[in-house]
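Under this note's numbering, the first residue of the sequence shown is numbered 1016, with each subsequent residue one higher. Take a look at the structure below.
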Amino acid sequence: MPDARQLPTIEIDQDKCISPMRCGKCLRVCPGGVVLLCAPKFNEKFRECGPEDFTVIVHNRPACIACKKCVDICPVDCISVEFEAVEAAA
């Protein structure tokens, strides 16, 4: 388990992500609500949005408990959660 003072680096490869409106597994499995459905990528007035216009974003990084459930459940491996190595103080 990482040190409680560390925040993870969470990356979502939007090019690989299926679409949260079609998949959304990471949104449902995250116990801390770290990942969130984001409004459409394109915000044009009077334009109808399709499922591919929505994205998943990292919303609440401090709530990440490093369970990596989102990484495990993603069918296209587009999420990574990493913690930097911290050297012990002498």
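Glycine included, every Cβ here is placed at the ideal spot set by N, Cα and C.
Apart from the five residues on each side of it in sequence, which residues of its chain come closer than 6 Å, Cβ to Cβ, to residue i?
i, result
"residue 1053", "1070, 1072"
Using only the alpha-carbon positions, how far apart do residue i and residue j sit?
i, j, result
"residue 1018", "residue 1050", "The predicted position of residue 1018 is uncertain, since its pLDDT is 49 and thus under 50; a value taken from the coordinates is nonetheless stated next. So the two alpha carbons sit approximately 21 Å from each other."
"residue 1039", "residue 1081", "19 Å"
"residue 1063", "residue 1024", "33 Å"
"residue 1026", "residue 1066", "21 Å"
"residue 1085", "residue 1078", "14 Å"
"residue 1094", "residue 1043", "14 Å"
"residue 1030", "residue 1088", "17 Å"
"residue 1098", "residue 1083", "11 Å"
Please classify residue i as buried or exposed, where buried requires at least 16 other C-beta atoms within 10 Å of its C-beta.
i, result
"residue 1096", "buried"
"residue 1035", "buried"
Leaving out five residues on either side along the sequence, give the residues of the same chain with a beta carbon under 8 Å from the beta carbon of residue i.
i, result
"residue 1076", "1022, 1023, 1025, 1049"
"residue 1046", "1080, 1082, 1084"
State yes or no: is the C-beta of residue i nearer than 7 Å to some heavy atom of the ligand SAH?
i, result
"residue 1053", "Ligands in the displayed structure: none, and consequently the ligand SAH is not present."
Can you find the residues in the same chain that come closer than 7 Å, C-beta to C-beta, to residue i, ignoring five residues on each side of it along the sequence?
i, result
"residue 1037", "1066"
"residue 1041", "1050, 1071, 1085, 1088, 1089, 1094"
"residue 1028", "1093"
Jot down the residue ranges of each uninterrupted alpha helix (DSSP H) in the region 1067 to 1099, minimum 4 residues, whole runs only, in chain order.
-> 1084 to 1088
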